[in-house]
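Read the structure below first, then the notes.
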Amino acid sequence: MAPKHHPTPLSGGDRKTLAKELGRARAMTSILASQSDEARAKGEALIRTADKLLCESWNERMWADGEPIDPSPTIDQAVNAGYRWIEIECSRCRTKRDVDLAALRRPPTTFVHDLASRLRCSKCAKAGRRAAAAAGAAPSPGPGNLRCAIFTA
């Protein structure tokens, strides 16, 4: 956008006043821009915290109930919260795989619990079976054991 043209007043007092007002406007612009950047950073941090709490809540419910629960976080919420991986277990052969959520060719608004019906087990596919993979909770909590369906790298 082109800069706004302010016609220069004829009298000296008006020119000084215009120069002061333009200086104040430029100073206020930089102040408001820095406040906007700070508010945006705080907002993004709050959204990241909310996404992390949503993922942790879903993980706890998955661990307690043992099955995919609706509603779940979306792929982009999980990735934003730092949970890039999901553990998938085939309902037929019980093979567990870790899937990178960021690398999936799915819309980022896809719910994590919907992935269970959309993913297929590669081991069963080679054998000619069509068992759907199911997102499941990991073994009981303990050192080194994951107890959630989505986890950080």
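With the first letter of the sequence shown counted as 1, position 115 gets the number 102 in the working numbering; the numbers rise by one all the way through.
All C-beta atoms, glycine included, are put in the ideal place defined by N, C-alpha and C.
_Using 8 Å for Cβ pairs, my map puts Lys110 next to Cys80. What's the rounded Cβ distance?_
The pair is a contact, with the Cβ atoms about 6 Å apart (cut-off 8 Å).
Along the chain, where does the beta strand (DSSP E) that runs through Ala75 open and close? The residue you asked about is not Ala; residue 75 is Ile in the sequence shown. First-last of the beta strand (DSSP E) with Ile75: 72 to 77.
**Message:** Can you tell me which residues form a DSSP beta bridge with Val86?
**Reply:** Ile73
- Message: Can you look up Arg92 in the DSSP assignment and give me helix, strand or coil?
- Response: coil
(Q) Going by beta-carbon coordinates alone, are Ala65 and Leu40 separated by less than 9 Å? (A) In this structure, Leu40 does not lie closer than 9 Å to Ala65 by Cβ.
Check your understanding: According to DSSP, is Arg107 helix, strand or coil?
Key -> strand
Who are the Cβ neighbours of Ile56 in its own chain at under 8 Å, not counting the five residues just before and after it? Trp45, Arg48, Met49, His100
Check your understanding: Would you report the Cα separation of Ala90 and Ile73, rounded to the nearest angstrom?
Key -> 11 Å
- Query: Thinking C-alpha only, which one of Arg71, Thr96, Ala68, Lys83 is nearest Pro58?
  - Reply: Thr96
What is the DSSP secondary structure of Thr61, reduced to helix, strand or coil? Strand at Thr61.
Next on the checklist: Can you tell me whether Ala118 is helix, strand or coil according to DSSP?
Outcome noted: Any answer about Ala118 is weak, because its pLDDT of 48 lies below 50 and its placement is not dependable; what the coordinates show is given next. Shown here, Ala118 sits in coil according to DSSP, grouped into three states, outside any helix or strand.
Check: Do Asn67 and Ile18 come within 9 Å of each other at the CB atom, strictly closer than that value?
Finding: no
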